[in-house]
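Input: a single structure, listed below in structure tokens.
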Amino acid sequence: MAMHISARVAWHDDGWNGHICRNPAGNTFCVGSRSYPGESIAEERDLEWETANAGRPCESVDAMPPCSWSINAFGKKRLRAYADAPDFFASGTPRREWDVPASTVCLWPYEEMYGQELRDGKRYDHAKRLARAREYFAQIEPQRSLVFYYANYSNPFSEDEAPRYVVVGISRVREIGPELFYEGAAEKDKERYGGAFVWSRNVTSAYPDEGLRLPYHRYRRDREALDRFVVVPDNPRLCKYGTRAFSDDDALGLVEQLLAAVRELRAMGDDSEDWRVREDWLHAISGELWRDRGLYPGLPAVLEFLGAAPAIEPLRALPAAKHSTFAEGVFAALEVGRGGKPFGLDEATLKRASRRFRLLDDGARSVAQRILPRLQITRDHVDRIVGENREEHGLPENLDHIAQDPYVLCERFIGDDPDDRITWATVDRAVLPSPDLGGAPLSDVGPDDARRFRALLADALRRNTSDTFVPVDHLISQVNDRLAKLPAWKSHAFSSRYLEVDREVIAASLVQREIEGAKYVYLESAWRDERAIEDYFRFFAGGPDVPLRRPVTEAHWRNWLHRSDSVLAGLEGDDYRTAIDGQIALCQRLFRRPLACIAGAAGTGKTTVVRAIVDAVRLAHGDGSPVLALAPTGKAADRLREVLGTRSGVRTETVHAFLARNGWLRDNMTVRPQGRTPDTSCETVIIDECSMLDLEVLATTLRALDRNAVRRMILVGDPNQLPPIGRGRSFADIVEWLTAEHPDCIETLQQNLRQLEGRATGRGTGIVDLAQAFMGATLAAVKDESSGIATEEMLRRVQLGGDVDADLRVIYYDDPQSLASLLLARIDADLTELWPDGADPPTYKLWQKGFEQGPQAWQILTPTRGEMHGIEALNRECQAHVTSGIRDRAGALDGIKLFDKVIQIRNRTRSRPLYAWDQTQRCVVATEVFNGEIGLASIHSFDSEEWKKRFFRLKRIQVSFARKPHLRVSYGEDTGKTPDGRWAPREKVEDNLELGYAISVHKSQGSEFERTYVVVPGASGSLMSRELFYTALTRARRHCTLFVERDIGPLLSMRRRERSALATIRSSLFTFRAVPDALARMKDWYAEGKVHHTLAGAIVRSKSEVIIANLLFDRQIPFDYEVPAFASDGTFFLPDFTITWRGEKYFWEHLGMLHRAEYRAKWEAKRAWYAKHHPDRLVTTEEGPDLSTQAAALIERHFR
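For the sequence shown, the working numbering assigns the number 1276 to the initial residue and increments by one for each residue that follows.
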């Protein structure tokens, strides 16, 4: 049976056409940590040479680029590729070079090389590896097999929070190249390493005669166009480990996606290929795949599960058209335990298989016989679906419903990891096969069936990972757009009427709701989660005060909160006392409430208040009163542990660890929505960093806590930070609800102690002052002029650049190419401060000195992963900057070198820990390491002497993490034994670690660093929200340097209310919040400063300004809002409204409340600025009950 393959390619900005990129420096993705092959391009690329040969065909240049393995995927000429001998080969082994024909890539099945069965003791048997590779390539049949080209996560569509593979093309395999060997290898290497084979073979395709290439290179700077035709595989498991072989059904899924992309390209008028011809070819391929697939692609997996594997070979020997008869016959034999010989089953095998089949309950037996053979699934999938642990995988105990409604599988099945899923398309191909095969649809499903429609809607809702609900018309449009690109027998156009008619079927997994005539749809799980949170918190908010066994007095609070050793106690005595008095009052008001929410910006003392409350609990209820302190991330939990110390009765852990400990979290990190016993051991529960919790995790956490056992629930967080990576905006909704309905349950810390300390010590207040300009995106009742003037004053200081304050520096860069050099020079200068005057250490010593302060002493933060200002490019520049001979000679392990700063990129929990040497206990221990933890890589203790030798090469490292300095966590292979004496498993570095000099702002949430360097790109402004910038800015405790592209424009853009990430999330937790259509479709009309006539309340800052905006709309007077007015000397202010009237610009300032005399004086200075630079162009109104009359009269006077 022919198999099809995926083929990984390194990203190429000119379409893998066999030419050097026309702008090599602009392609930062090919050298990313998820490129191909491995890190070789990053390590070997000569950017100067590539720039000198930019755009030239590779066959005409004097060297081979390191991307030669994939650059010719769609090239027209023959070129050369190479592979350097591994470091462990004898010195002097020559490089292997070979021809790469047109339309050829070089592949190797890396996944196949690491099976345990290929090991001979502690080492791999390379002869077995070579044999396994031969088996892999033998599955590929030239002239039949298809090859699907894809880019790994290092591509322009992938971000830290949403990594995505991208399919770039397809063709037919024409030829498999010969095996390659290092011809000059030493005999001992040939003997030991399978003849010294090269981990690469040519795979040549029939392109351009067959296949297509998606023209991403044509639209690289037009993201809207790219998003129309980009192909992200529905089943990402096909795109792993360089190349994978897969079935006709999996190939069909990709072909269907490519057909959709081709139709979009035709609609766009793209002429890079003849898309009509390409579409016809894809249709022909689809028909071919259906014929080869047949009706029963899952039958071998079912037979293997039942123990009837000998029947698989005779099944595969038959043409697909006869599989139906075979299936009927083999299940008849299994039912009665007789007649197995025609199917290759001897009497004993049939007896065992028949017994297993009949032992299944009725529902499972029906699904195994009728449904699963029609799906392309594995034997493991069969076990998870019909086996005894099916509930662990999200399925009901009774499978009768799935027999009647197969789409339940794609809605509810939960695999072993996020990629292990049964997609809607997989089920749909089983249910509605090609009419040419002659098979009836499963369970009497037609193209317009309600069950199919419901599953489509559910799939669209799951793809929307932020909103709790979606408007019906949006959802129907997405579904119909998807169906319109399917073959005619599966296509259909649904309407909202179906939701009414099929309401009962839809209700199985979706909830419909109508509000003020508009209709919306929820995933049933999201609806249930919102209602669970509401019910839980309403129970506590409406409850009586908590009775105390012992009183807690003001003196107690003052003792816990006031720190006499604080620098503030002496230098800012009055202000510090005022701040502490405010904290005391807050604690006294909230402590007895069963529900308490403590909100506050960074630096306001939230953690100090939490510590005081824990001490108060111990006093009021006894030392043993159980307190559970939870945080959403491991680093946040570690910080909470440092604050709470070893107080008796206090348990501090991550939310996920708590859920796992109580059985609410599966091993694959998905939550169980029900079915477990709530924890009854906690009387006081504190949840820190609440803004990071998505809807599902928060709801599950509350279900896991018995509300009748909990006395006191305390929520802590900063509502100005980023919304969670996941569904909803739960903390923001809770804060708004409590403020409106239960003000006795919420307090906001107003006085910023970090600001006080900065002022008192001369360390500056710039970070806090600038952060305040990006806080509070809600509509104010009245305009606060004092706040507006302070913001403008701060922004004008930022505009000047340089040292804005002792803690804040702004550096403007002209273009992305200059960013890295400016950034590295600034870090070098800052690190030089750690050395004596006049010292001039080499770079690597300079940075090592900086690392002695700890991995979190300083950090680069950036909003994106790709491009020259992104994580990967900046990490690579940092690594190269500090690399020296002493570091290079040991090589790299998946791109990580000795002494690199690294970040953990996946959670390793108790169910799958890492192993570390504990330097205090002097033994190996299992340890949890969480996504986002930062550390430093070092030589493994096993290699403490070996690494000094000339030919040493890394195969393992140890990492010391910031909050685990006593542990040295092992990665790589041959890292020793586990605590129970087993050999530790191989831990691939690339699956766990990345360079951590630069990290994303999202990854930084919940962390603090002494010094940060924040990149603010101009071109990617759409990726940055006000919450993202606020989060980035407030990660620094002592100093922040902002690197802003070109001018202050990106900061002014992010400050706008419509640039709030929270504002664009639909939710209905306590209050129904539908995002206005105009705001959801901003890209269709938006220009900065423009105010859509339906969006005044979402863009302006106060209700007073809404009145003015509506009056201007009513009178059809065009205006912009908060567009900077510049003077000829470069200074600027932000007028509320800018009106162009009869060719002249007028500036309308609405004067809000001026609380302090100093701000009134600053307003007069602002008025003088207008008079000097824009004479007679300023008009004003003032806050008051007659505002409408004032504004109407002003309009009549000036604009009529």
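We treat Cβ as the ideally placed atom computed from N, Cα and C, and that holds for glycine. Here the structure is a predicted model, which is why all the values come from computation and not from measurement.
Inset, instruction - Inspect the beta-carbon positions of leucine 2268 and isoleucine 2180 and report whether they are closer than 8 Å. - result: The residue you call residue 2268 lines up with position 993 of the sequence shown. The residue you call residue 2180 lines up with position 905 of the sequence shown. Leucine 2268 is a Cβ neighbour of isoleucine 2180, given a cutoff of 8 Å.
Inset, instruction - Determine the DSSP secondary structure at leucine 1798, reduced to helix, strand or coil. - result: The residue you call residue 1798 lines up with position 523 of the sequence shown. In the structure shown, leucine 1798 sits in a strand (DSSP, three-state: E or B).
Legend entry - Segment limits, alpha helix (DSSP H) that includes histidine 1656: As a working note, residue 1656 is residue 381 in the sequence shown. Residues 1654-1661.
Inset, instruction - Please report the residue range of the alpha helix (DSSP H) in which asparagine 2150 lies. - result: Against the sequence shown, residue 2150 aligns to sequence position 875. Element bounds for asparagine 2150: 2146-2157.
Legend entry - Buried versus exposed call for arginine 2257 [16 or more other C-beta atoms within 10 Å across all chains shown]: The residue labelled residue 2257 in the question sits at position 982 within the sequence shown. Exposed is the call here.
Legend entry - Where tyrosine 1424 sits in the DSSP three-state scheme: Translated into positions along the sequence shown, residue 1424 becomes position 149. Residue state, collapsed to three classes: strand.
Inset, instruction - Enumerate in chain order the residues of its own chain whose CB-to-CB distance from tryptophan 1699 is below 7 Å, with the five nearest sequence positions on each side excluded. - result: Walking along the sequence shown from the start, residue 1699 turns up at place 424. Cβ within range, chain order: Cys1685, Ala1730, Leu1731 and Asp1734.
Inset, instruction - Determine the direct distance from the alpha carbon of isoleucine 1316 to that of phenylalanine 1304, and round the result to whole angstroms. - result: In the sequence shown, the residue the question calls residue 1304 occupies position 29. In the sequence shown, the residue the question calls residue 1316 occupies position 41. Each residue's alpha carbon lies about 10 Å from the other.
Inset, instruction - Could you name the residues that DSSP lists as bridge partners for tyrosine 2506? - result: For residue 2506 there is no data in the structure shown, the boundaries of the chain being 1276 and 2475.
Legend entry - Nearest candidate by alpha-carbon position, reference valine 1702, set Tyr1571, Ala1639, Glu1588 and Ala1759: As a first step, residue 1702 must be located in the sequence shown, where it is residue number 427. Checked all of Tyr1571, Ala1639, Glu1588 and Ala1759; the closest Cα to valine 1702 is Tyr1571.
Inset, instruction - Measuring alpha carbon to alpha carbon, tell me which of Lys1760, Phe1769 and Arg1738 ends up nearest serine 1752. - result: Numbered from its first residue, the sequence shown carries residue 1752 at position 477. It is Phe1769 whose Cα lies nearest to the Cα of serine 1752.
Inset, instruction - Evaluate the contact criterion for the segment 1449-1467 versus the segment 1359-1366: three or more CB pairs, one atom per stretch, below 8 Å. - result: The segment 1449-1467 and the segment 1359-1366 touch, with no fewer than 3 CB-CB distances between them shorter than 8 Å.
Legend entry - Buried or exposed (CB count within 10 angstroms, at least 16 for buried), glutamate 2476: Within the shown structure, residues of the chain are numbered from 1276 to 2475, placing residue 2476 beyond reach of any answer.
Inset, instruction - Jot down the residue ranges of each uninterrupted alpha helix (DSSP H) in the segment 1475-1551, minimum 4 residues, whole runs only, in chain order. - result: 1498-1504 and 1523-1543
Inset, instruction - Write down the C-beta distance between alanine 1979 and leucine 1915 rounded to the nearest angstrom, noting that I regard them as a contact closer than 8 Å. - result: As a first step, residue 1979 is located in the sequence shown; it is residue number 704 there, counting from the start. As a first step, residue 1915 is located in the sequence shown; it is residue number 640 there, counting from the start. That belief does not hold up - the Cβ atoms of alanine 1979 and leucine 1915 are roughly 18 Å apart, past 8 Å.
Inset, instruction - Excluding the 5 residues preceding and the 5 following tryptophan 1291 in the sequence, name in chain order all residues of the same chain whose CB lies nearer than 8 Å to its CB. - result: Against the sequence shown, residue 1291 aligns to sequence position 16. Within the same chain, tryptophan 1291 has close Cβ partners Val1284, Ser1345, Ile1346, Asn1347, Ala1348, Phe1349, Gly1350, Tyr1424, Val1443, Gly1444 and Arg1488.
Legend entry - Uninterrupted alpha helix (DSSP H) stretches inside the segment 1309-1393 (no shorter than 4 residues): 1315-1319 and 1322-1327
Inset, instruction - Mark phenylalanine 2401 as exposed unless 16 or more other C-beta atoms lie within 10 angstroms of its C-beta, in which case mark it buried. - result: For the purposes of this step, residue 2401 is identified with residue 1126 of the sequence shown, where counting begins at 1. It is exposed - the Cβ of phenylalanine 2401 has fewer than 16 other Cβ atoms within 10 Å.
Legend entry - serine 2213 - partner residues in DSSP beta bridges: Taking the first residue of the sequence shown as 1, we reach residue 2213 at position 938. Paired residue(s): Gln2233.
Legend entry - Where the alpha helix (DSSP H) containing methionine 2329 begins and where it ends: Reading the sequence shown from its first residue, position 1054 is the one you call residue 2329. First-last of the alpha helix (DSSP H) with methionine 2329: 2324-2330.
Inset, instruction - Return the chain-ordered list of same chain residues with a C-beta closer than 7 Å to the C-beta of aspartate 1868, the five sequence neighbours on each side being excluded. - result: The residue labelled residue 1868 in the question sits at position 593 within the sequence shown. Before going further, note that residue 1868 is arginine rather than aspartate in the sequence given. Asp1820, Asp2019 and Cys2020, listed in sequence order.
Inset, instruction - Could you tell me the distance, in whole angstroms, from the CA atom of proline 2460 to the CA atom of glycine 2427? - result: For the purposes of this step, residue 2460 is taken as the residue at position 1185 of the sequence shown. For the purposes of this step, residue 2427 is taken as the residue at position 1152 of the sequence shown. Distance between the alpha carbons of proline 2460 and glycine 2427: 12 Å.
Legend entry - Meets three-Cβ-pair contact criterion under 8 Å: the segment 1568-1582 and the segment 1517-1525: yes
Legend entry - Cβ separation of proline 1483 and valine 1448, assumed to be a contact under 8 Å, to the nearest whole Å: Counting from one through the sequence shown, the residue named residue 1483 turns up at place 208. Counting from one through the sequence shown, the residue named residue 1448 turns up at place 173. 15 Å between Cβ atoms; not a contact.
Inset, instruction - Please check the pair alanine 1932 and threonine 2184, which I expect to be a contact at CB under 8 Å, by giving their CB distance rounded to whole angstroms. - result: Residue mapping note: residue 1932 aligns to position 657 of the sequence shown, counting from 1. Residue mapping note: residue 2184 aligns to position 909 of the sequence shown, counting from 1. So it is a contact: roughly 7 Å between Cβ atoms.
Legend entry - Exposed unless 16 or more other CB atoms sit within 10 angstroms - verdict on phenylalanine 1744: In the sequence shown, residue 1744 corresponds to position 469, counting from 1. Buried is the call here.
Inset, instruction - Measure how close the beta-carbons of phenylalanine 2284 and alanine 2307 come, nearest whole angstrom, since I'm counting them as under 8 Å. - result: For the purposes of this step, residue 2284 is identified with residue 1009 of the sequence shown, where counting begins at 1. For the purposes of this step, residue 2307 is identified with residue 1032 of the sequence shown, where counting begins at 1. Contact check for phenylalanine 2284 and alanine 2307: beta-carbon distance about 11 Å, past the 8 Å limit, so the pair fails to qualify.
Inset, instruction - With a floor of 3 residues, list each beta strand (DSSP E) that falls wholly inside the segment 1881-1947, ordered by position along the chain. - result: Runs of the beta strand (DSSP E) lying entirely within the segment 1881-1947 and spanning at least 3 residues, in chain order: 1902-1906 and 1925-1929.
Inset, instruction - Only counting runs of 4 or more residues, tell me where the alpha helix (DSSP H) segments fall wholly within the segment 1707-1775, in order along the chain. - result: Fully contained in the segment 1707-1775 are the following alpha helix (DSSP H) runs of length 4 or more, in chain order: 1725-1738 and 1747-1759.
Inset, instruction - Sort out for me which residues DSSP pairs glutamate 2320 with in a bridge. - result: In the sequence shown, counting from the first residue as 1, residue 2320 sits at position 1045. Glutamate 2320 is bridged to Tyr2088.
Legend entry - Cβ shell of glutamate 1672 (< 8 Å), same chain only, five flanking positions each side left out: Taking the sequence shown and counting its residues from 1, the one referred to as residue 1672 is at position 397. Counting only Cβ-Cβ distances below 8 Å, and skipping sequence neighbours, we find Arg1665 and Glu1666.
Inset, instruction - Please state if the CB of threonine 2316 and the CB of leucine 2136 are separated by a distance shorter than 8 Å. - result: Numbered from 1 along the sequence shown, position 861 holds the residue referred to as residue 2136. Numbered from 1 along the sequence shown, position 1041 holds the residue referred to as residue 2316. No. Outside cutoff.
Inset, instruction - Given a cut-off of 8 Å, decide if threonine 2202 and valine 2244 are closer than it, judged by their beta-carbon atoms. - result: Against the sequence shown, residue 2244 aligns to sequence position 969. Against the sequence shown, residue 2202 aligns to sequence position 927. In this structure, valine 2244 sits near threonine 2202, with a CB-CB distance shorter than 8 Å.
Inset, instruction - Note down, in chain order, each residue of its chain lying with its Cβ closer than 8 Å to the Cβ of glutamate 1436, except the 5 sequence neighbours on either side. - result: Here residue 1436 is taken as the residue at index 161 of the sequence shown, counted from 1. Once the five neighbours on either side are set aside, the close Cβ partners of glutamate 1436 are Ile2000, Ser2275 and His2277.
Inset, instruction - Give every residue of the same chain whose Cβ lies closer than 8 Å to the Cβ of arginine 2390, excluding the five residues on either side of it in the sequence, and list them in chain order. - result: On the sequence shown, residue 2390 is found 1115 positions in, with the first residue counted as 1. Cβ within range, chain order: Ile2470 and Phe2474.
Inset, instruction - Go through its chain and collect everything with a Cβ distance to alanine 1891's Cβ below 8 Å, but skip five positions before and after it. - result: The residue you call residue 1891 lines up with position 616 of the sequence shown. Val1827, His1831, Trp1832, Trp1835, Cys1862 and Phe1866.
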